[in-house]
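Residue numbers (this note's numbering), protein chains in the order written: chain A, 1 to 230; chain B, 231 to 460.
Backbone N, C-alpha and C fix where the C-beta goes; we use that ideal spot for every residue, glycine too.
Only one structure is covered here, and it is reproduced in the block below.
Protein chains: 2
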Amino acid sequence: MTEKKKAVVLLSGGIDSSTALAIARKEGFEPYVMSFNYGQRHVREIESARKIAESMHVSRMIVLDLDLRKIGGSALTDEFMVPKNRPEQEIAQGIPVTYVPARNTIFLSYALGWAEVLGSHDIFIGVNALDYSGYPDCRPEFIQAFQNVANLATKDGVEGRYFTIHTPLIHMTKAEIIKTGKALGVDFSLTHSCYDPSPDGRACGSCDSCLIRRKGFREAGIPDPAHYAV
Amino acid sequence: MTEKKKAVVLLSGGIDSSTALAIARKEGFEPYVMSFNYGQRHVREIESARKIAESMHVSRMIVLDLDLRKIGGSALTDEFMVPKNRPEQEIAQGIPVTYVPARNTIFLSYALGWAEVLGSHDIFIGVNALDYSGYPDCRPEFIQAFQNVANLATKDGVEGRYFTIHTPLIHMTKAEIIKTGKALGVDFSLTHSCYDPSPDGRACGSCDSCLIRRKGFREAGIPDPAHYAV
Numbered sequence: 001m002t003e004k005k006k007a008v009v010l011l012s013g014g015i016d017s018s019t020a021l022a023i024a025r026k027e028g029f030e031p032y033v034m035s036f037n038y039g040q041r042h043v044r045e046i047e048s049a050r051k052i053a054e055s056m057h058v059s060r061m062i063v064l065d066l067d068l069r070k071i072g073g074s075a076l077t078d079e080f081m082v083p084k085n086r087p088e089q090e091i092a093q094g095i096p097v098t099y100v101p102a103r104n105t106i107f108l109s110y111a112l113g114w115a116e117v118l119g120s121h122d123i124f125i126g127v128n129a130l131d132y133s134g135y136p137d138c139r140p141e142f143i144q145a146f147q148n149v150a151n152l153a154t155k156d157g158v159e160g161r162y163f164t165i166h167t168p169l170i171h172m173t174k175a176e177i178i179k180t181g182k183a184l185g186v187d188f189s190l191t192h193s194c195y196d197p198s199p200d201g202r203a204c205g206s207c208d209s210c211l212i213r214r215k216g217f218r219e220a221g222i223p224d225p226a227h228y229a230v
Numbered sequence: 231m232t233e234k235k236k237a238v239v240l241l242s243g244g245i246d247s248s249t250a251l252a253i254a255r256k257e258g259f260e261p262y263v264m265s266f267n268y269g270q271r272h273v274r275e276i277e278s279a280r281k282i283a284e285s286m287h288v289s290r291m292i293v294l295d296l297d298l299r300k301i302g303g304s305a306l307t308d309e310f311m312v313p314k315n316r317p318e319q320e321i322a323q324g325i326p327v328t329y330v331p332a333r334n335t336i337f338l339s340y341a342l343g344w345a346e347v348l349g350s351h352d353i354f355i356g357v358n359a360l361d362y363s364g365y366p367d368c369r370p371e372f373i374q375a376f377q378n379v380a381n382l383a384t385k386d387g388v389e390g391r392y393f394t395i396h397t398p399l400i401h402m403t404k405a406e407i408i409k410t411g412k413a414l415g416v417d418f419s420l421t422h423s424c425y426d427p428s429p430d431g432r433a434c435g436s437c438d439s440c441l442i443r444r445k446g447f448r449e450a451g452i453p454d455p456a457h458y459a460v
């Protein structure tokens, strides 16, 4: 039996990264899961990530503590308001206050470091350019540029063992992601999407992330197993 | 009086980054200093960084804790041996065990995040391609690729406010760096270079970093104020 190729999979605990993890497995990779505690309001998503990793029999997961609050500048890490009930057109336009400066660049940098140590050359990230809610670091041109950095920054890259950043969801709609995840057996009841959950863990139902999730399930024709406060 | 432009300066506490900080100031920037505690053996360098920042009247410095030990893979963070007394040709060739996977990519990612929050578009890093001791993430092509990432990853980049990664030392020899720093008033007695200092803080004198430092001072014709164990 040949050994499976290792892949580092970034897992937030939401629908997208959980589906990306399922795809990495289906493509024959042995997933090494990396999650981040970055002072986000919705730290509950790390618990979701653990449960999802467990449900998919991941052999190794590390959770890194990042002190992004020292840097600040985002509604996800600071004490300002998460916007609610924004109309769909508004969500689709511009960059929201929940944008965290350089977040995916930082996440991918750590994934790159770990991949090189593990002898892996494949990194999976569940970014999505369609329903991407306005984050610049979810676009294909960003991913391409980061892959270029990966191959110039590392011993492996210099020596011709190149890295691939896999973005299997990048051109899917949320509904397509949900259908794909469902078909691969992702248990969406374990996922967490809300930016601003209530203390008992229920999703607010009205932040951008909840609105995008609800619309996705509706369009996929699949019941959303999340518990909403409203 | 017009406000000075802010620059984020990565400061390790060694000769190169201290000189880069002095250059940023000379070029008229208001430096915002960022240092990292990444589980390095030579954590003493953070104390050096603080003293240097103080001596150059830096208005703001943040020290971020990074858990690179969870990733491992380097003699600088793990429990394996720092090589000693390597011949000069050997140091100049290949990538040493003190290489930390993706280190500069991670450092620059944080600098980028902080710069965007501060409204700064200038990042200084004291990398050096000549006496670079074999690290791939000190080369001009890496820096160029990261600058490209910076402009694709961020709100500012998307909106046409571009970032510049300044590498004023990239083509200098160590002797040139030392002469430049000296001319700009850097107090090299505050700097720390050794990868493997003794418990009382003296430099080992024989790791790659000490050997490169000693040669640099010798060639610059300037006495090295470091305290060496041997």
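Buried or exposed by the 16-neighbour rule on C-beta atoms within 10 Å, applied to residue i
{"i": "residue 295/B", "result": "exposed"}
{"i": "residue 413/B", "result": "exposed"}
{"i": "residue 294/A", "result": "Lying before the first or after the last residue shown, residue 294/A is absent from chain A, which here runs from 1 to 230."}
{"i": "residue 113/A", "result": "buried"}
{"i": "residue 126/A", "result": "buried"}
{"i": "residue 234/B", "result": "exposed"}
{"i": "residue 419/B", "result": "exposed"}
{"i": "residue 93/A", "result": "exposed"}
{"i": "residue 391/B", "result": "exposed"}
{"i": "residue 87/A", "result": "exposed"}
{"i": "residue 349/B", "result": "exposed"}
{"i": "residue 236/B", "result": "buried"}
Proximal residues of chain A, C-beta to C-beta of residue i below 9 Å
{"i": "residue 378/B", "result": "145, 148 and 149"}
{"i": "residue 221/B", "result": "With chain B covering only 231 through 460, there is no way to say anything about residue 221/B."}
{"i": "residue 371/B", "result": "152"}
{"i": "residue 258/B", "result": "Within chain A, no residue comes near residue 258/B; the closest Cβ sits about 24 Å away, beyond 9 Å."}
Where residue i meets chain A, residues with beta-carbon distance less than 8 Å
{"i": "residue 468/B", "result": "No answer is possible for residue 468/B: it lies beyond the span of chain B, which begins at 231 and ends at 460."}
{"i": "residue 388/B", "result": "95 and 136"}
{"i": "residue 343/B", "result": "68, 71, 73, 100, 101, 102, 103, 105 and 106"}
Cβ shell of residue i (< 6 Å), same chain only, five flanking positions each side left out
{"i": "residue 123/A", "result": "8, 111, 115 and 165"}
{"i": "residue 263/B", "result": "239, 241, 283, 288 and 291"}
{"i": "residue 35/A", "result": "11, 46, 49 and 63"}
{"i": "residue 369/B", "result": "359"}
{"i": "residue 334/B", "result": "367"}
{"i": "residue 30/A", "result": "4 and 6"}
{"i": "residue 226/A", "result": "203"}
Chain-ordered neighbours of residue i on chain B, where CB pairs are closer than 8 Å
{"i": "residue 116/A", "result": "303, 331 and 332"}
{"i": "residue 155/A", "result": "325, 329, 331 and 366"}
Residues near residue i by beta carbon distance below 7 Å, same chain, minus five either side
{"i": "residue 175/A", "result": "216, 219 and 220"}
{"i": "residue 209/A", "result": "193, 194 and 195"}
{"i": "residue 379/B", "result": "none"}
{"i": "residue 387/B", "result": "380, 381 and 393"}
Contact list for residue i against chain A, beta-carbon separation under 7 Å
{"i": "residue 395/B", "result": "Going along chain A, no residue has its Cβ under 7 Å from residue 395/B, so there is no contact; the nearest lies around 12 Å."}
Close beta carbons around residue i, own chain, < 8 Å, minus the five adjacent residues each side
{"i": "residue 153/A", "result": "112"}
{"i": "residue 155/A", "result": "116"}
(request) Taking a Cβ distance cut-off of 8 Å, strictly less, list which residues of the stretch 316-334 of chain B are near chain A, in chain order. (result) 325, 329, 330, 331, 332, 333 and 334
- Below 8 Å, can you find three or more Cβ-Cβ pairs linking the stretch 210-225 of chain A to the stretch 236-251 of chain B? no
Exercise. Pull out every residue of the stretch 268-297 of chain B whose Cβ sits closer than 7 Å to any Cβ of chain A, in chain order.
Key: 292, 294, 295 and 297
- Task: Check distances from the C-beta atoms of the stretch 422-456 of chain B to those of chain A and list, in chain order, the residues that come in under 9 Å.
- Result: none
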